[in-house]
Structures are given as structure tokens and as C-alpha cells.
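Enquirer:
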Amino acid sequence: MTDAIDPTRSLGALVRDNLAYAAVFESVGLDYCCGGDTTLEAACEAEGIDLDDLRERLAGVEEAPDGDDWETHAELIADIVSTHHQYLREELPSLEGLVRKVARVHDENHPELRELRSEYLALAEEMKRHIDEEETDLFPIVETLDRGESLTDAQRATLGNEIAELEADHAETANRLERLAALTDGYAVPDDACASYEAMLERLERLETGTHRHVHKENNVLFAEVERQLPASA
Ligand SMILES: [Fe+2]
Ligand SMILES: [Fe+2]
5 MTDAIDPTRS LGALVRDNLA YAAVFESVGL DYCCGGDTTL EAACEAEGID LDDLRERLAG
65 VEEAPDGDDW ETHAELIADI VSTHHQYLRE ELPSLEGLVR KVARVHDENH PELRELRSEY
125 LALAEEMKRH IDEEETDLFP IVETLDRGES LTDAQRATLG NEIAELEADH AETANRLERL
185 AALTDGYAVP DDACASYEAM LERLERLETG THRHVHKENN VLFAEVERQL PASA
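Positions 5 to 238 (my numbering) are the ones given, in order, by the sequence shown.
1) Measuring CB to CB, does GLU130 end up less than 9 Å from THR177?
2) Given 8 Å as the limit, tell me if HIS218 has its C-beta closer than that to any heavy atom belonging to ligand 2.
3) What is the DSSP secondary structure of SER122, counted as helix, strand or coil?
4) Given 8 Å as the limit, is there contact between the region 219-229 and the region 33-41, that is, 3 or more CB pairs closer than that?
5) Ligand 2 and ILE135: does the residue's C-beta get closer than 8 Å to at least one heavy atom of that ligand?
6) Going by the C-beta, is ASP173 closer than 8 Å to any heavy atom of ligand 2?
7) Is the beta carbon of GLU95 less than 9 Å from the beta carbon of ARG207?
8) For a test of the three-state rule: what should DSSP assign to THR162, helix, strand or coil?
9) Pick out whichever of ASN113, THR148 and ALA161 has its Cα sitting closest to the Cα of ASP1.
10) Tell me whether ASP73 is buried or exposed, calling it buried when 16 or more other Cβ atoms sit within 10 Å of its Cβ.
11) In its own chain, which residues sit with a C-beta less than 7 Å from the C-beta of THR76, not counting the 5 before and 5 after it?
12) Give a single yes or no on whether ILE145 has its beta carbon closer than 8 Å to a heavy atom of ligand 1.
13) Among all the DSSP beta bridges, which residues are the ones paired with SER14?
Structural data, given as C-alpha cells:
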């Protein structure tokens with residue numbers, strides 16, 4: 005059964021096969037979205053994880069019912085926008101209010117909350133700009149390509165540049181999320197936390213997990229496929 009999990013495949017490719025693997029990688033701290041090109045064996049070695057144990061766990065995971073079953077890039081884009089971008093547009097401002105409140109009330113006992121607040125505010129600002137940029141500058145060009153229409157030279161240049169810039173944003177976002185996780189000791193609830201504090205930690209953790217899924221769909225599926233397709237349509 006374990007033989008089914010090829011250790012020379014990349015983390016991103018494995019999650020493309022079965023979205024349920026994402027939760028397993030998440031649980032052992034393997035980055036399958038921005039670090040999606042790393043092979044399973046290399047990632048395990050780098051993180052000191054037992055490869056055979058992990059392959060066994062993966063082999064026991066059932067296929068996710070909502071796997072990557074998009075027929076077209078337009079469908080994948082619609083899923084990214086309705087599932088992830090819409091969630092961020094609602095969640096980022098609402099969570100900002102909570103982060104500000106918790107930092108204000110608890111920063112004396114938890115001075116790390118001041119840094120958490122400024123990291124969060126920077127992250128939220130960047131993410132809002134980033135998703136607007138994807139929807140305005142990148143997705144329409146991908147949809148044009150999807151309809152089988154040829155691209156102008158300007159569109160082709162924009163596409164390549166945008167993908168590079170957006171991937172760099174993803175890496176920056178991943179760093180900020182890592183920083184938030186470190187500042188909260190992996191979102192651990194302190195003994196003196198009130199209900200708001202606990203809710204903030206839970207929502208920050210959900211933001212991290214959701215962002216990993218979101219970035220996976222872009223870096224490892226959409227961007228990777230568009231880049232593969234690009235020379236052929238030149
Ligand atoms: Fe996005
Ligand atoms: Fe993105």
C-alpha cells in the first residue's frame with residue numbers, strides 16, 4: 005500500500021492527486037504550497053521526519069471528496085474566488101477588529117501581542133492588494149487563454165511577470181503566517197486567555213490552513229499549468 009506513495013514525487017503533486025494529503029502535511033509542518041516543488045523524500049530529510057511512517061500515513065488516507073476536479077482553468081479560478089477570496093474579504097477586516105481588541109486588553113501580560121498585531125495588519129493589507137491584483141491583472145488573461153484565444157505580446161509578458169510577482173507575494177505571506185504561528189506558540193491558548201483571545205487564535209489558525217490550500221491551488225495547479233501551456237501557445 006505504501007508503494008503507492010512515490011517518495012520522489014513533489015509535495016505539490018501529491019496534494020494535486022489527493023487534497024486530503026494536505027491535512028497530513030499540515031500536521032507534521034511540511035509546506036506543500038510554497039515549498040510544493042520539494043520531493044517527499046527531500047522534505048522529510050530536511051525536517052527530520054521518518055519517510056516510511058509518513059508514507060504509511062498517506063497511504064491510509066481516503067481520497068478527498070472535493071479533490072481537484074476542475075475541468076477548466078476558468079472553473080478553478082471561479083473556485084479560488086468564491087471559496088478563498090470571498091472568505092478573505094469578509095474575514096480579514098473582521099479578524100482585524102478582534103486582533104486589535106485582544107492586543108489592547110492583553111498586551112501587558114502578553115507583550116508579544118503587539119508584534120502579532122503589526123504582523124497581522126501588514127499581512128491583511130498585503131493579502132487584500134494581492135487578491136485584487138489576481139482578479140484584475142492575471143485571471144482575465146488566463147481566461148482568455150482558456151477560451152483558446154491567442155494572447156498579445158503585452159498579455160504574454162504581463163502573464164509571466166504577474167505569476168512571478170504573485171508567487172513572491174505567496175512566499176512573503178507564508179513567512180508572515182509562520183511568524184504569527186511562532187508568536188502564538190502554534191496558536192496555543194494561554195491559561196489567562198479570555199473567549200475573545202481563544203477565538204482570535206482559532207481564526208488565525210484557520211486563516212493559515214485556508215491560505216495553504218489557496219496558495220496550493222494557485223502555485224501548484226493554476227500557475228504551474230499556465231506556465232506549461234504558455235510556450236505551446238506562443
Ligand atoms: Fe488568490
Ligand atoms: Fe495568490
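The beta-carbon is built from N, C-alpha and C at its ideal position, and this holds for glycine as well.
Expert: If we stick to the structure as given:
1) The residue labelled residue 130 in the question sits at position 126 within the sequence shown. The residue labelled residue 177 in the question sits at position 173 within the sequence shown. Their beta carbons are under 9 Å apart, which means GLU130 touches THR177 by this criterion.
2) For the purposes of this step, residue 218 is taken as residue 214 along the sequence shown, with counting starting at 1. Yes; taking the cut-off as 8 Å, the Cβ of HIS218 has a heavy atom of ligand 2 nearer than that.
3) Here the question's residue 122 lines up with position 118 in the sequence shown. SER122 falls in the helix class under three-state DSSP.
4) Short answer: they touch.
5) Taking the first residue of the sequence shown as 1, we reach residue 135 at position 131. Yes, the Cβ of ILE135 comes within 8 Å of a heavy atom of ligand 2.
6) Residue numbering aside, residue 173 sits at position 169 when the sequence shown is read from its first letter. ASP173: yes, Cβ under 8 Å from ligand 2.
7) Position 91 of the sequence shown, counted from the first residue, corresponds to residue 95. Position 203 of the sequence shown, counted from the first residue, corresponds to residue 207. Taking 9 Å as the Cβ cut-off, GLU95 and ARG207 qualify as a contacting pair.
8) Residue numbering aside, residue 162 sits at position 158 when the sequence shown is read from its first letter. The answer is helix: DSSP assigns THR162 an H, G or I state.
9) It is not possible to answer for residue 1, since the shown part of the chain is limited to 5 through 238.
10) Numbered from its first residue, the sequence shown carries residue 73 at position 69. The residue in question, ASP73, is exposed, as its Cβ has fewer than 16 Cβ neighbours within 10 Å.
11) The count along the sequence shown starts at 1 and reaches residue 76 at position 72. Once the five neighbours on either side are set aside, the close Cβ partners of THR76 are ASP150.
12) As a first step, residue 145 must be located in the sequence shown, where it is residue number 141. No, since every heavy atom of ligand 1 falls outside the 8 Å radius drawn around the Cβ of ILE145.
13) To locate residue 14, count along the sequence shown from 1; it is residue 10. The partner list for SER14 (beta bridge, DSSP) reads THR43.
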